[in-house]
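Asks: With the first letter of the sequence shown counted as 1, position 159 gets the number 160 in the numbering used here; the numbers rise by one all the way through.
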Amino acid sequence: MKQRVLIALACLACAGRLAVPAVAAAPENPTLTAKTLAGDEFDLTALRGHVVLVHFWATWCPPCIKEMPALETFYEHYRARGVEVIAMSEDRTRDIDQVHHMMHHMNMSYPVAMAHEASRNSFGEQSALPVTFVVDAKGVLRAEMRPDTQPVTVESLVKTVEPLLAAP
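This is the structure in structure tokens:
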């Protein structure tokens, strides 16, 4: 009897895996272009030679807002070392005033742009916010940080980025 239960559970586990669609993996060398809310052009490919953090967020997302102070503190200390950050807002275009308000409220000094279909697809299919992608100086995606797996804190950002800055 015990063996039958174990076999049934194993079959259910396998069937469950087959029923869940695979999430598209992020490409190894993502590309991203966007116009920031300040009117500047952002081109990830043009930033080769820099470590870049691409942060997808929204004003209506409490975990996103929770990460903002750490991202800002990190950026203040690391931009002098060539680290770039861009925040891609998932808010609707008509809610751009809320995005501007949040930028000022959170004292965001890094560029912010409105996410669009191409920017979302640049890093594979995204199922939840926030998510921060870390791209090394060669343009290779090195980390994907999410609250449930690797939350964005000053410490986690330093631990992730320092080895990339030290790499030849």
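The beta-carbon is built from N, C-alpha and C at its ideal position, and this holds for glycine as well. Given the structure is predicted, the values throughout are model-derived calculations rather than measurements.
Report buried or exposed for I87, applying the criterion of at least 16 other Cβ atoms within 10 angstroms of its Cβ.
Replies: Buried, since its Cβ has 16 or more Cβ neighbours within 10 Å.
Asks: Does the beta-carbon distance from V153 to A71 come in below 8 Å?
Replies: Going by C-beta atoms, V153 is nearer than 8 Å to A71.
Asks: Kindly indicate which residue of V53, H51 and E68 has the alpha-carbon position closest to the one of A59.
Replies: Cα-wise, what sits closest to A59 is E68.
Asks: Report the option in W61, H56, E29 and Y76 whose CA atom is closest to the CA atom of E163.
Replies: Comparing Cα-Cα distances from E163 to each of W61, H56, E29 and Y76, the minimum goes to Y76.
Asks: Just checking my contact of H173 with E85 at CB under 8 Å: how many whole Å lie between their CB atoms?
Replies: The structure shown does not extend to residue 173, since the chain is modelled only from 2 to 169, so the question has no answer here.
Asks: By Cβ distance, which residues of its chain are closer than 8 Å to N1, with the 5 residues on each side in sequence left out?
Replies: Given that the chain is displayed from residue 2 to residue 169, the structure contains no residue 1 and the question cannot be resolved.
Asks: Identify every residue that forms a DSSP beta bridge with K36.
Replies: Its beta-bridge partners are E42.
Asks: Here's a check: name, in chain order, each residue in its chain whose Cβ is nearer than 6 Å to the Cβ of V135, leaving out the five neighbours to either side.
Replies: The residues are L54, R143, A144 and T161.
Asks: What's the C-alpha gap between Q151 and S157?
Replies: Going by the C-alpha atoms only, they are around 7 Å apart.
Asks: Would a C-beta distance cut-off of 8 Å place V132 and F57 closer than the cut-off?
Replies: It is a contact, given that the beta carbons lie within the stated cut-off.
Asks: DSSP beta-bridge partners for M89?
Replies: For M89, which the question treats as bridged, DSSP gives the partners F57 and A114.
Asks: Applying the criterion that 16 or more other CB atoms from any shown protein chain within 10 Å of the CB defines a buried residue, is S123 buried or exposed?
Replies: That one is buried.
Asks: Given this structure, state the Cα-to-Cα distance separating D96 from S128, to the nearest angstrom.
Replies: Their backbone Cα atoms lie some 21 Å apart in a straight line.
Asks: Would you tell me roughly how many angstroms separate the C-alpha atoms of L166 and L130, rounded to the nearest one?
Replies: Approximately 26 Å between the Cα atoms of the pair.
Asks: According to DSSP, simplified to helix, strand and coil, what is M146?
Replies: Strand.
Asks: Using alpha carbons as the reference points, say which of P169, E42, A47 and R121 lies closest to M89.
Replies: The shortest C-alpha separation from M89 is found at R121.
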